[in-house]
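Using our numbering, you'd call the opening residue of the sequence shown number -19 and step up by one each time.
Note sheet for the following structure.
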Amino acid sequence: MTTFFYKAVKQDGEFVEGELEAADEAAVVRHLQGEGLIPIETRTTKSLMAKFGRARKRRLNQKEIGILTRELATLLEAGMTLDRSLQILVDLTDAEHVVRVVADLQERVRGGATFSSALDAQDGQFQRLYVNMVRAGEASGALDQVLNRLGDYLERVAELRQTVTSALVYPSILLIVAGLSVIMLLVFVVPQFTVLFDDMGEALPLPTQIVVATGDLFRNYWWAMLSAIALFAVVIERQMQKPQVRARVDDTVLEIPLFGDLIWKMETARLCHTLSTLLKNGLPLMSALTLAKEVVSNQRLSGLLNEASDDLKHGRGLAGPLARLQALPDLALQMIRVGEESGSLDAMLAKVANIYDRETRVSVQRMLTLLEPILIVGLGIIVAGIIMSILMAILGANELVF
């Protein structure tokens, strides 16, 4: 049994919190519902302690927005008014920056503003896509359903991002450790042998001279190297802000074997998830595509979607222009065509997104399967090269002695 911390709301709007031992979170939810309570949040006490141990953030992150969306949808589904729901969230929330945002939303709503306009006034903390989906929910009178779909969408996007991020942790650690190992070898080990080489002068083999010079560079001019790296990073960042440079880089990225295919599948999954969610919320296809293309980070694909959007304005549909431009993989294009013909485009887009979610995970694993041995072998070759250069110099010194 695990101890869970819960927050819930009574039918009269009063909120309660406490701890409960159960096998899993589903059992906690069932117990609370059996008591006539509306579950808002459940988590293990361990995660609760971790929450208080984290540093406070000034802006809402995607996880916090997802939690707020879910909690607000639950309260609205239970029959609470929007104003009362926001007040309950203010009372339930511990983080000061979250309380500040929710309290501001409540104040604007009480002042007569719509919820979507209140979200839009939060200094860009809520994406334009999020705000427009809420606006569509207000217009249709189904804000609770829209917020539930938004919660599902945010969870899927976060899960996809987490899949890729988690998969890259081990290679990143391996690469950092490999780099530090080589630097320590050059800075602390190689100089121990330079005493043996001092009397040899030009007799040092070229590989040994390169290794010794590299070690001296790291040891004596590390500050200059760090400055150069920082300057290079600033220059690259500024160059990437130029649309033409970003477009060339994104175009090149898609041509890289394995990695380009991974990016294409990730963008396809993200685009189809977004389009499906927008269409389910009642937005017309033209407006949905205009909003959905904002989630595509690759400039080449974004440009192709702009062209498809222009064709869509002239009544050419979605699948045809996308196929002509080869903006998405063939399977995705065929399924979108079937969805248009059958009148179930939103459901078909959801299926496409699920397929390419799985394809992304497979591509990540395939890339890691190749990347890990490449890093290990590369490190071995570098270390072996350094050792061989030192041995060459030692053997040369012995020949001079004898």
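Backbone N, C-alpha and C define an ideal beta-carbon position, used for all residues, glycine too.
Can you list, in chain order, the residues of its chain whose CB lies under 6 Å from that of residue i, leaving out five sequence neighbours each side?
| i | result |
| --- | --- |
| Glu(-3) | Lys(-13) |
| Ala83 | Val70 |
| Phe32 | Any reading at Phe32 must be qualified, since the residue scores a pLDDT of 45, below 50, and its modelled position is unreliable; the value itself is stated next. Contacts found: none. |
| Gly365 | none |
| His11 | none |
| Cys252 | Leu329, Val332 and Ala333 |
So the candidates are the options; which of them puts its Cα closest to the Cα of residue i?
| i | options | result |
| --- | --- | --- |
| Ala299 | Arg280, Lys293, Gly319 and Leu281 | Gly319 |
| Thr257 | Leu130, Leu155 and Gly297 | Leu130 |
| Pro171 | Ala303, Phe198 and Gln105 | Phe198 |
| Ala268 | Arg115, Gly59 and Glu5 | Arg115 |
| Ala75 | Glu44, Val126, His253 and Thr94 | Glu44 |
| Asn112 | Gly121, Asp100, Gln105 and Ala122 | Asp100 |
| Leu359 | Ser146, Ala158, Ser65 and Glu247 | Ala158 |
| Leu375 | Gly104, Thr(-18), Ala122 and Leu184 | Leu184 |
| Ala122 | Leu62, Leu165 and Val169 | Leu62 |
| Ala119 | Ile209, Ser96, Val225 and Gly14 | Ser96 |
| Lys222 | Gln279, Asn286 and Ile156 | Gln279 |
For residue i, which residues from the same chain have a beta carbon less than 7 Å from its beta carbon, with the 5 sequence-adjacent residues on both sides left out?
| i | result |
| --- | --- |
| Leu242 | Thr340, Ser343, Val344 and Met347 |
| Leu351 | Pro151 |
Count the other CB atoms within 10 Å of the CB of residue i; is the residue buried (16 or more) or exposed (fewer)?
| i | result |
| --- | --- |
| Lys273 | buried |
| Asp124 | buried |
| Trp202 | exposed |
| Arg36 | Residue confidence for Arg36 is low, a pLDDT of 43 falling below 50, so the modelled location carries little weight; the figure read from the coordinates is stated next. Arg36 comes out exposed. |
| Asp310 | exposed |
| Val81 | buried |
| Thr145 | exposed |
Between which two residues does the alpha helix (DSSP H) holding residue i run?
| i | result |
| --- | --- |
| Pro301 | Ala299 to Leu305 |
| Asn286 | Gln279 to Lys293 |
| Val137 | Leu123 to Met164 |
| Ser97 | Phe95 to Asp100 |
| Pro187 | Leu186 to Asn200 |
| Pro237 | Taken as a continuous stretch (DSSP letters only), Pro237 belongs to no alpha helix (DSSP H), as it is neither H nor E. |
| Lys43 | Gln42 to Glu57 |
| Glu15 | Element bounds for Glu15: n/a, residue is neither H nor E. |
| Leu271 | Leu265 to Ala272 |
| Gln86 | Glu76 to Arg90 |
| Asp310 | Asp310 to Ser322 |
What does a CB cutoff of less than 8 Å around residue i pick up in its chain, not counting 5 residues either side in sequence?
| i | result |
| --- | --- |
| Gly46 | Gly131, Leu134, Glu135 and Ala138 |
| Met368 | Pro187 |
| Lys293 | Met266 |
| Gln86 | Asp63, Leu66, Gln67 and Val70 |
Using a Cβ distance threshold of 8 Å, determine whether the stretch 140 to 151 contacts the stretch 231 to 251, with at least three qualifying pairs required. yes
Three or more C-beta pairs closer than 8 Å, one from the stretch 222 to 236 and one from the stretch 305 to 318: is that the case here? no
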